[in-house]
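Visitor: Would you mind keeping the following structure in view while I ask a few things?
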Amino acid sequence: MKLYTKGGDGGETDLRGGRRVPKDDIRIAAYGDLDELNATIGMAVAALDDDTTIGSLRDVQNRLFDLGAALMADAAKDDDPVVSSDDVTTLESWIDAASAELSELKNFILPGGTEAAARLHLARTVCRRAERTLVSLGGMTAIPGHAIQYVNRLSDLLFALARLANARASVADVPWQHTKP
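Here is the structure:
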């Protein structure tokens, strides 16, 4: 199978189902943002050495791929079981487990620290953009149920995991200091 089809050379692409849409269609933007999120999570995984966290993030990557595939359908359904309330609850349990190892957060922190933490923070920001795009798409058409909630909770997980990566490496989070003009 060739990697190129030349079908998108005119600025359009196919949805699953055959309809062609411009490459800047909001549906294409939404699954493109999820694809970018998946790639940034893959970059974070490459810097991690904790098998439990890696396994959790691999599960997330598979779910994001499933969600992106569902969005590629000509008409995604809001009752599509790509992500469920149980999946959201799973993310919450992972957030709680990570948070149990962390000191209480008393102020905003700057993204960074260890390489793994910095990559997780980057994934978090891409996740927030993907969430915004999903909200825009959901305002125009049906999207799989729990998709926005899942992606919202995922950004919280990525934040908690970034802090955890720093804590486990004994690297302090750097508090934000407001600069005054």
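Residue numbers for the sequence shown follow my numbering, so the first one is 1191 and each next one is one higher.
For every residue, glycine included, the Cβ atom is placed at its ideal position computed from N, Cα and C.
For the beta strand (DSSP E) holding residue 1202, just list the boundary residues, first then last.
Guide: Counted from its first residue, the sequence shown places residue 1202 at position 12. Counting along the chain, the beta strand (DSSP E) containing residue 1202 begins and ends at 1202-1204.
Visitor: Does the Cβ-Cβ distance between residue 1323 and residue 1223 come in under 9 Å?
Guide: Along the sequence shown, read from residue 1 onward, the residue named residue 1323 stands at position 133. Along the sequence shown, read from residue 1 onward, the residue named residue 1223 stands at position 33. Yes, they are a contact pair.
Visitor: Who are residue 1300's beta bridge partners in DSSP?
Guide: Walking along the sequence shown from the start, residue 1300 turns up at place 110. DSSP output for residue 1300 lists 1364 as bridge partner(s).
Visitor: Let me know the secondary structure DSSP gives residue 1263 once reduced to three states.
Guide: Stepping through the sequence shown from its first residue, residue 1263 is reached at position 73. Residue 1263: strand per DSSP, three-state reduction.
Visitor: Within its chain, find whatever has a CB closer than 7 Å to the CB of residue 1308; leave out the 5 residues flanking it on each side and keep chain order.
Guide: By one-based count along the sequence shown, residue 1308 stands at place 118. Contacts found: 1301 and 1302.
Visitor: Report yes or no: do the stretch 1348-1363 and the stretch 1306-1320 share at least 3 C-beta pairs separated by less than 8 Å?
Guide: Result yes; three or more Cβ-Cβ pairs closer than 8 Å.
Visitor: What are the start and end residues of the alpha helix (DSSP H) that includes residue 1305?
Guide: Residue numbering aside, residue 1305 sits at position 115 when the sequence shown is read from its first letter. Residue 1305 -> alpha helix (DSSP H) spans 1305-1328.
Visitor: Just the C-alpha distance for residue 1340 and residue 1278, rounded to the nearest angstrom, thanks.
Guide: Residue numbering aside, residue 1340 sits at position 150 when the sequence shown is read from its first letter. Residue numbering aside, residue 1278 sits at position 88 when the sequence shown is read from its first letter. Cα to Cα, residue 1340 sits roughly 5 Å from residue 1278.
Visitor: On the three-state DSSP scale, how would you describe residue 1209?
Guide: By one-based count along the sequence shown, residue 1209 stands at place 19. DSSP places residue 1209 in coil when its eight states are reduced to three.
Visitor: Thinking C-alpha only, which one of 1215, 1209 and 1361 is nearest residue 1293?
Guide: By 1-based counting over the sequence shown, the position of residue 1293 is 103. If we check each option's Cα against that of residue 1293, 1361 comes out closest.
Visitor: Counting Cβ pairs closer than 8 Å, one from the stretch 1205-1216 and one from the stretch 1248-1263, do we hit at least three?
Guide: Yes, they touch.
Visitor: Quick one, are the C-beta atoms of residue 1330 and residue 1216 less than 9 Å apart?
Guide: For the purposes of this step, residue 1330 is taken as residue 140 along the sequence shown, with counting starting at 1. For the purposes of this step, residue 1216 is taken as residue 26 along the sequence shown, with counting starting at 1. Taking 9 Å as the Cβ cut-off, residue 1330 and residue 1216 qualify as a contacting pair.
Visitor: First and last residue of the alpha helix (DSSP H) that includes residue 1274?
Guide: Here residue 1274 corresponds to residue number 84 of the sequence shown, with the count starting at 1. Element bounds for residue 1274: n/a, residue is neither H nor E.
Visitor: Just verifying my parser: in three-state terms, what is the DSSP assignment at residue 1286?
Guide: Walking along the sequence shown from the start, residue 1286 turns up at place 96. It is helical.
Visitor: Within a Cβ cutoff of 6 Å, which residues of the same chain sit near residue 1346, ignoring the five residues on either side of it in sequence?
Guide: The sequence position of residue 1346 within the sequence shown is 156, counting from 1. 1285, listed in sequence order.
Visitor: Rounded to whole angstroms, what's the CA-CA distance from residue 1247 to residue 1231? Just pull it up for me.
Guide: As a position in the sequence shown, residue 1247 is number 57, starting the count at 1. As a position in the sequence shown, residue 1231 is number 41, starting the count at 1. Rounded to the nearest angstrom, the two C-alpha atoms are 7 Å apart.
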